[in-house]
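1 is the number of the first residue of the sequence shown in UniProt numbering; add one for each residue after it.
C-beta atoms are modelled at their ideal positions from N, C-alpha and C, and glycine is treated no differently.
Reading through the C-alpha cells given below for one structure.
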Amino acid sequence: MADDAYMFPVSFAQRRLWFIDQLVPGNAFYNLHAAVPLKGPVDAAVLARALNALVERHEALRTTFVVAGDEPMQRVAESLHIELPAEDLAALALDARARRVAEAAQDEAQRPFDLAAGPLLRARLLRRAPGDQVLLVTLHHIVSDGWSMNVFWQELTALYNAFLLGRPSPLPELPIQYADYAVWQNEWLQGQALQAQLDYWRERLQGAPALDLPTDRPRPPVASYRGAQQPVRLRAPLAAQLRALGQRQGTTLFMTLLAAFATLLARSSGQTDVVVGVPTAGRTRAELEGLIGFFVNTLVMRCDLAGDPPFDALMQRVRQVALGAYANQDLPFEKLVEALQPDRDLSRNPLFQVTFQLLSTAPAAVAAAAGEPQAQRGSAAFDLSLNLWDGGGEVAGHFEYAADLFDATTVERMARRFETLLEDIVAAPQQPIGRLALMDAAERRRVLVDWNRTAADVPAATIDALFAAQADRAPERLALAAGGRQLGYGALERQAGAIARALRSRGVGRGDAVALCLPRGIELVAAMLGTMKAGAAYVPLDACAPDERLHLLLDRCEARALLVDAAAARRLAGRREPMLDSAALAFSEADAAPPPSAGTGPDDIACVIFTSGSTGVPKGVEVRHGGLANLVHWHLRAFGLHADDRTSQVAGPAFDAFGWEVWPSLCAGASVHFADDELRAAPRELLAWLARERISVGFVPTPVAEPMLAERMPAGLALRALLTGGDRLHRAPAPGLPFVVHNNYGPTECTVVATSMPLAPQGDDLPPPIGRAIANTRLYVLDAQHRPVPVGVWGELHIGGAGVARGYRGDAAQTSERFVDWHGERVYASGDVVRWRDDGTLEFRGRSDRQVKVRGHRIELGEIESALRRDERVREAAVVLRDDGRLAAYVVAQDGAQTDDEAVFAKGVREALARRVPEHELPAAVVVLPALPLTANGKVDLRSLPAPAAAAGGSDEPRGPVEGTLAALMCEVLGRARVGRHDHFFADLGGHSLLATQLVSRVRGAFDVELPLRDFFGAPTVAALAEAVEEALVAQIDALSNEDAARLAAQA
C-alpha cells in the first residue's frame, strides 16, 4: 500500500465484518471469489491495465482497515498497483490442467486477507491453451458485495475493450466514493433521523426467539464458520406455477418463496415464530448504484405461523411483514443489534440464524463463469442460508449451511423436502400449512410402514402358564437364588399354586388387583406368580417406601387383598383390605393339586405398575397379559436366552424392569440371581458380583450402568449381554468389552421395552440411539398436530402395538389424554422427544418437560449432561433449572480425579464445559456430589438435588488489583459507575460487540498481554477476564529467557 492515505470512519456493515475478523483472525469466511473463463486471445498486459484502472476508479479497492484509538477506520491509499500473475498450463495433460485450475481456484478462495495490510483484491490468470484462459478474482466482502461484483465485471470488460482498441476509459466519473457514503451514514445515524424506524423494529422484534433447527451435532461454544453448499433447482414449470400463485394473491415471487421457506423452517423446528434474515442491496439512492463497496443491509423478517393458517393466508401475513421491513430498511442491521441488545454468544448470529434471498438475475460472476467449475469457499456465516436467483424460467441456487451443525445428507434432504413442499403448495394453496407435504411418498412409507414391519408370532399363553410348562419339564432346575437361598422350578410352582388357591378362596379372581408389599427375593416372585395364577393382577409396592406413599398407592390401586410379610403387616395395620402373610400362604398347601385355570387371556391385566406422574401424583399402569407375553417372547429371541443362562435381578420391586428381569428367564428355564441391596447402586461392586455369580445376561439401570462400563472388567466375567435402560444413555460403550451392551427404551405404559438395539463403539461422544421397535410394536414420531415428521426432525414418540397398556387404574381422564386414537390405532403418547435416523433407529432427546428456556434460548438439559460426561474427570452428571432461572450442574467425580478442593474441581469442570457448549448453556454453578440421588426405580432423583450453596454470577465487588483495573476499564467503556465481578458484559451490562473490542484493546494496553477477543466472549465477566489476563501474564513470564527474566527482576 502507498504511504499517502486518507482516514475515514467505517460503515456499520464494515464494522461487523471487521469485528468478525478480530474475533477469528486469519479467516476466509468473507472471501468473494470467481473463476471466469476467457475465450479467444487475451492480452494480459491490457487486462492488468484495465484491472488497475478499476482500482484507481473505486477507492474501496484501495482500502485497508486499521484501529485509531478504540475505533476501526478505513484507510484509503492514494494509489495502489495490483499485480496480475499469469501461469501457463498448456504443457500439462488435460486432466492435470483441470486439476491445477481447480487447485488454484480453491487456494484463492480460501486464502485469507489481511485487512490491515491489504490489498483486499487478488487476481490471477491461468492459460490452459491458446485462446482458453481462466481469470481468478478474489475480493474481501468488506470492500465488495454481490451487486459490486456485477459492477466489477461490467466495468472491467468495458475498460479492457477500450484499452485494447487504444481508446481512453469510456466510464463516466463517479459522483461519490464509498468513504463518502460511510461518513454520511455515521453522521445521519447520530441524529433522530431513524428513531421512527428504530421504534418500528423494537416493537416488531420484541421477544423474538432463536430458531432451533434440528442439528446433527450439538452447537459448539464458538462457531467455526466452516460451511458447504447444497444445490437447489426449481424447474421452470414449478417456478411458473409459483409466479402464477403469487399473482393471484398479490405477492411477489420473493414473498411466496419466503412464506414457503418459513413453513419449511417451522415444520422442521416445531416453532411457529420464525425469524429470517433477508439481505438487501442497501443502495437506496441512485448515486450508490455504480459504486463498488459493501452496502448490503440485512432486514429481520419475523414470520408468524401460529394457528396453522392456510398457505394462502400465510402469504398475506408474509406480504405485510416484507412491506413493513422494506419501509424501514434504512436502519443498518448492526445499529439494530446495538439498540436491541439481544443475548450474545459466539455460537450463533444475533436476532436471526437463517437467511433467505432471491436475486432477480444470477450474479454476473456466475453468469460469466457458466460452465466453469467454481471453488467452494468452505464457509457459512449463518446456520442455514437459502440463496436463489430467478432466471425467468427456472429458479436455481443453493442452501449454504454450517458444517459444525449439519451433515451434507441432512441438507440434501432439506432441499428435497423444500421442492416437495412447493409442489404441494401450488397444488392446494388453501391447505393449512401443517398438512402440506414435506415427505415424498418414499420417505413417508419408510417412517410409517417399512420401519414398523415388526410382526411376529406370539403364543397366547400367559406368563404363569409358560412358567408352569417349564416347571413341569424340569422341576429340579434352579429358578431363583437370593440372599443365600435357592428355589427350584417345581417348588416355586407349588408355592405359587398355594398362594393362588388361598387368594381364590378369599374371593380374589379375574380382574381384581392384589397389592404386594414384600422385599426383593423369592417370596416376592412367588407372590407375583400366585396372583397371576389366581387370575388377578399383582401390584408391587416398594417395601422401603415411606408409609404415606404406601397408603397413597393402596388407596389408588383398589386392591382386593394385600400380600405382606411381618414388617409390612405392622406398618399397614388398620387397612381395610384383607392382609395375608405371603410366606405362610406359600407353604400352607404346597403339595395340593394345582388350582384350576383362571381363564385369563391376553387382554386381562397381569400387573399394575405405579409410575411417578408429572403432577407428583403416581399413576397405576394396567399392563396386559398380552403385552407381557410379547415382551417375554421378543426377549427370548433377541438375546437367545436358554435354560443354562444365569441372569441377574437388580431393579427395585416396584420398577417395571423387575418383571422384565424375571419373567423371560423363568419362561426360558434359566435361573434368576438377586443382587444384594447394597450392590444395586454400587457400580464397581455390582460388576464384581456379576463376575462372581457367572451371570450371562443381566440388566442394570442406566445411571448405574454408565459408571460401571467405565470400570476395569474383572477376570472370569461370563456376561455376554448387558441390558440397560430406564434413563438416557449418554455415551456408547468403549471398544474391547467382552460382552455386548444393549440400549433399551420403553415406558411402563408400553410394557417396559418398546425399542432396543446392540451398541457398537462410536467414533464420537454423542449419545447412542435407542434402537428400533421390538416385535409387534409400532413407532410414530408426530408433531404437535399429530402429523408424522420426516427423518431428522424432532417430534413426540407415539407407540402402538402389543405392548400398549390398558390405561391408568381408576383414572379415565389421564387414560384418555395419554392413550389416544391415531388413524384407527390405539397408541400411547409418550411425552418423549425423539427423531428418526437414516438407518431406521430412534435418537432420544429427552422428556418434553426437560426442555427449558434460558435468556430466550430453548435448551435441552440432557445435552448439557452429555457434554459434562465427556469430561474424563466426570463419572455422572445432572443439570436442572433452579427457581432463580439459572442452570445448576451436579457432577460425581471419576475415581482418581483430584477433588480435595471441590471449588477448584468444579471450576475446572465448568471451564472444560465452556469449550463444549454455548455460553447460554453454561451452568451458573457446578456442585460436586459423592453420588447422584436415585429414586427407588434407579433413575436420577432430580428433586432431591441440593440447592447450590452460592451460585456464581452475583454482583459482588472486584477482588484484587487485576480485577479492580479490569472493572475500571469496563466502567469506562460502558459509561457506568460500577460493575460487579460476575456481571455479564452483554446480558447484564448492555455491552455490544464494538464495546467488547474496545474493552479488549484497552486490556491489552493496560497489561501488555495478547488476549484473543473470542476468549472474552466465552466468559465476559470481570472475574473470568481477570483469570484470562493472569494466565496470559504467567505464559509470558514462562516464555522469557533466563537473561530477560533476570533483567526484569533487576528493574522491579
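Going by the CB atoms, is the gap between residue j and residue i shorter than 8 Å?
i           : j           : result
residue 308 : residue 432 : yes
residue 499 : residue 586 : yes
residue 830 : residue 730 : no
residue 981 : residue 958 : yes
residue 256 : residue 301 : no
residue 436 : residue 448 : no
residue 634 : residue 799 : no
residue 994 : residue 974 : no
residue 49  : residue 87  : no
residue 228 : residue 408 : yes
residue 503 : residue 559 : no
residue 116 : residue 63  : no
residue 108 : residue 80  : no
residue 748 : residue 656 : yes
residue 100 : residue 92  : yes
residue 861 : residue 852 : yes
residue 805 : residue 622 : yes
residue 738 : residue 713 : yes
residue 37  : residue 134 : yes
residue 617 : residue 557 : no
residue 891 : residue 880 : no
residue 743 : residue 761 : no
Which residue comes first and which comes last in the alpha helix (DSSP H) that contains residue i?
i            : result
residue 702  : 702-709
residue 881  : Here residue 881 belongs to no alpha helix (DSSP H); instead the beta strand (DSSP E) covers 874-881.
residue 48   : 44-57
residue 324  : 311-327
residue 1056 : In the structure as shown, the chain starts at 1 and stops at 1052, and residue 1056 therefore has no counterpart that could be examined.
residue 549  : 547-557
residue 479  : Segment 478-482 is the beta strand (DSSP E) holding residue 479; no alpha helix (DSSP H) there.
residue 1004 : 993-1007
From what residue to what residue does the beta strand (DSSP E) around residue i run?
i           : result
residue 610 : 605-611
residue 620 : 619-624
residue 649 : 646-649
Can you find a C-beta in chain D that's less than 8 Å from the C-beta of residue i?
i           : result
residue 418 : Of the protein chains in the structure, only one exists, and it is not chain D.
Relative to the C-alpha of residue i, which residue among the options is closest?
i            : options             : result
residue 410  : 683, 216, 285       : 216
residue 56   : 327, 149, 26, 177   : 177
residue 832  : 783, 823, 395, 825  : 783
residue 166  : 43, 117, 203        : 43
residue 1000 : 517, 990, 979, 1022 : 1022
residue 802  : 811, 776, 809, 827  : 776
residue 140  : 711, 13, 444        : 13
residue 661  : 473, 844, 636       : 636
residue 45   : 903, 84, 71, 28     : 84
residue 288  : 270, 649, 173       : 173
residue 786  : 812, 828, 758       : 828
residue 706  : 965, 157, 972, 870  : 870
residue 231  : 532, 413, 795, 33   : 413
residue 521  : 168, 596, 472, 651  : 651
What do you reckon, is the C-beta of residue i under 7 Å from a heavy atom of the ligand MN?
i           : result
residue 588 : Absence of the ligand MN is noted for the structure shown, with no ligands found whatsoever.
Just checking, does the region 686-702 make contact with the region 722-735 on the three C-beta pairs under 8 Å criterion? yes
Count Cβ pairs between the region 279-286 and the region 337-349 that sit closer than 8 Å; are there 3 or more? The region 279-286 is not in contact with the region 337-349.
Tell me whether the region 473-487 and the region 503-510 touch, counting them as touching only if at least three CB pairs, one residue from each stretch, are closer than 8 Å. no
Quick check: the region 350-360 against the region 224-231, are at least 3 beta-carbon pairs closer than 8 Å? no
Check whether the region 620-630 and the region 567-581 are in contact - that is, three or more C-beta pairs closer than 8 Å. no
Every unbroken beta strand (DSSP E) within the region 227-275, with a cutoff of 3 residues, ordered by chain: 227-234
Assess, as a yes-or-no matter, whether the region 483-503 is touched by the region 550-558 under the definition of 3 or more beta carbon pairs within less than 8 Å. no
Scan the region 108-155 and note each continuous beta strand (DSSP E) run of 3 residues or more that stays entirely inside, going in chain order. 121-129, 132-140
Using a Cβ distance threshold of 8 Å, determine whether the region 678-686 contacts the region 746-755, with at least three qualifying pairs required. no
Does the count of Cβ pairs from the region 391-408 and the region 262-278 closer than 8 Å reach three? no
Contact between the region 919-937 and the region 233-251 is defined here as three or more beta-carbon pairs at a separation below 8 Å; is this criterion met? no
Completely contained beta strand (DSSP E) runs for the region 783-856, where each covers 3 or more residues: 795-801, 819-822, 825-836, 842-847, 851-854
What ranges does the alpha helix (DSSP H) occupy inside the region 496-581, keeping only unbroken runs of at least 4 residues that lie completely in it? 522-533, 547-557, 566-571
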